[in-house]
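Worksheet: one structure, shown below.
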Amino acid sequence: MSDETQKTTHFGFADIPESEKAGRVQGVFGSVASKYDVMNDAMSFGIHRIWKDAMMDWLAPRPGQRLLDVAGGTGDISFRFLKRAGHGHATVLDLTEPMLVEGRKRAEAAAMADQLDWVVGDAMALPFADNTFDVYTISFGIRNVTRPQEALNEAFRVLKPGGRLMVLEFSQIPNDMMQKVYDLYSFNIIPRMGQAIANDRDSYQYLVESIRKFPDQETFLGMVRAAGFENAKYRNLSMGIACLHSGWKI
Numbered sequence: 001m002s003d004e005t006q007k008t009t010h011f012g013f014a015d016i017p018e019s020e021k022a023g024r025v026q027g028v029f030g031s032v033a034s035k036y037d038v039m040n041d042a043m044s045f046g047i048h049r050i051w052k053d054a055m056m057d058w059l060a061p062r063p064g065q066r067l068l069d070v071a072g073g074t075g076d077i078s079f080r081f082l083k084r085a086g087h088g089h090a091t092v093l094d095l096t097e098p099m100l101v102e103g104r105k106r107a108e109a110a111a112m113a114d115q116l117d118w119v120v121g122d123a124m125a126l127p128f129a130d131n132t133f134d135v136y137t138i139s140f141g142i143r144n145v146t147r148p149q150e151a152l153n154e155a156f157r158v159l160k161p162g163g164r165l166m167v168l169e170f171s172q173i174p175n176d177m178m179q180k181v182y183d184l185y186s187f188n189i190i191p192r193m194g195q196a197i198a199n200d201r202d203s204y205q206y207l208v209e210s211i212r213k214f215p216d217q218e219t220f221l222g223m224v225r226a227a228g229f230e231n232a233k234y235r236n237l238s239m240g241i242a243c244l245h246s247g248w249k250i
C-alpha cells in the first residue's frame, strides 16, 4: 500500500481513509437534502439566515459579477447574491447532486434560471479555467472537504485578479464556558432534531462532530493566507458560533 492510500482524515470524530470521505459526505447530504433547509432553520433557530445576510453585507455584490458558490447546495447564497447584485451570474457547484436538485426546485431558481448554472463537482478540483470568477463563496461547506487547503488553493486559481473569497463556516466560541454550553446543546439536541425532522440521527451527529473538528478562526485565517489571499481577515458572528473569512486575489 502506498503512502498516498494510507493517508487518513476525520469524518466527524472518526478517522477514515481520505479516499472514503467524499463518498461519506455525499451520503450525509444525499440523505438530508430534502429536509436540509428545514433543519438549518431548526438547528440555528433561523439565525443562519441572519449570518448569510451578514455575509452579503460584507461582500457587497455588484452588478455584472460572476459568482462561484461552492458547496452551494440548495442555492441560498447564490439567490441572495443575485438579488443584491441586481444582475449577474452564479454557478452553484456541489458534490452531491440531490442537493442541487432541491435547489432547482425553489421558486427563486425558476425566476433566475438564465442567471444560474448548477454543476456537480469537487471543491478540490474545480472544473473551471483559471481567472474565471469575480467572487468565490463557500457557506457551511469547507469543513466537509477532505483537504480544505486544496479547496482554498483552487479558489485562488479560479478567481480573477481582484477577485474576492468569502467563507462562512461554524467556528469556535472564544469563551470556554460559552463553548461548553453550546457543545451541550449541539451534541444533545441537534442529533435528536435530525431524528425527529429528517429521520436521520447519524447525519446530524456527523454535522455536529465536523464543526468541532474544524480549525479555529486564527488557524483558518492562516490557511486563507497560505493559499495566496491578501488583506485576509475574519469577523465572528453570534460570539463565534459562526465566522466569516474574507480574502482578495491581488
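According to the UniProt record's numbering, the sequence shown holds residues 1 to 250 in order. Just so you know, even glycine gets a beta-carbon here, dropped at the ideal spot from N, CA and C. No experiment lies behind these values; they were computed from the predicted model shown.
Asked: Using three-state DSSP, classify ALA123 as helix, strand or coil.; Found: coil
Asked: Quick one: what does DSSP say residue 252 is sitting in, helix, strand or coil?; Found: Nothing in the structure corresponds to residue 252, since the chain is present only between 1 and 250.
Asked: With the cut-off set at 8 Å, would you say PHE229 and GLY247 are in Cβ contact?; Found: yes
Asked: Compute the Euclidean distance between the alpha carbons of MET177 and ALA111, then round it to the nearest angstrom.; Found: 46 Å
Asked: Return helix, strand or coil for ASP3, following the three-state DSSP convention.; Found: Annotation note: pLDDT 47 at ASP3 (below 50); position unreliable, coordinate value reported separately. Looking at ASP3 - three-state DSSP - the assignment turns out to be helix.
Asked: How would you call ILE250, buried or exposed, if buried means at least 16 neighbouring beta carbons within 10 angstroms?; Found: exposed
Asked: Report yes if the C-beta distance between residue 266 and ALA85 is below 8 Å; otherwise report no.; Found: This structure leaves residue 266 out entirely; the chain is present only between 1 and 250.
Asked: Tell me whether ILE241 sits in a helix, a strand or coil according to DSSP, three-state version.; Found: coil
Asked: Could you name each continuous beta strand (DSSP E) segment of 3 residues or more that falls completely within the region 79 to 113, going from the start of the chain to the end?; Found: 89 to 94
Asked: Rounded to whole angstroms, what's the CA-CA distance from HIS89 to LEU67? Just pull it up for me.; Found: 6 Å
Asked: Pick from ASN199, ASN131 and VAL92: whose alpha carbon is nearest that of GLN118?; Found: Rather than Gln, the amino acid found at residue 118 in this sequence is Trp. Here the closest residue by C-alpha is VAL92.
Asked: By the 10 Å Cβ neighbour count, where 16 or more other Cβ atoms means buried, how is PHE81 classified, buried or exposed?; Found: buried
Asked: What does a CB cutoff of less than 7 Å around GLN179 pick up in its chain, not counting 5 residues either side in sequence?; Found: GLN172 and ILE173
Asked: Return the CA-CA distance between THR9 and ARG104, expressed in angstroms with no decimal places.; Found: 32 Å
Asked: So what's ILE142 in DSSP terms, helix, strand or just coil?; Found: helix
Asked: Taking DSSP as the reference, what is the three-state secondary structure of ILE16?; Found: strand
Asked: According to the Cβ coordinates, are LEU210 and ASN144 closer than 8 Å?; Found: Note on identity: in this sequence residue 210 is Ser, with Leu being the wrong assignment. Yes.
Asked: Excluding sequence positions up to five away, which residues of its chain have a Cβ less than 6 Å from the Cβ of THR137?; Found: ASP69, ILE77 and MET166
Asked: Measuring alpha carbon to alpha carbon, tell me which residue in ARG157, PHE133 and ALA123 is nearest ILE142.; Found: ALA123
Asked: For a quick check, are the C-beta atoms of SER139 and LEU116 less than 8 Å apart?; Found: no
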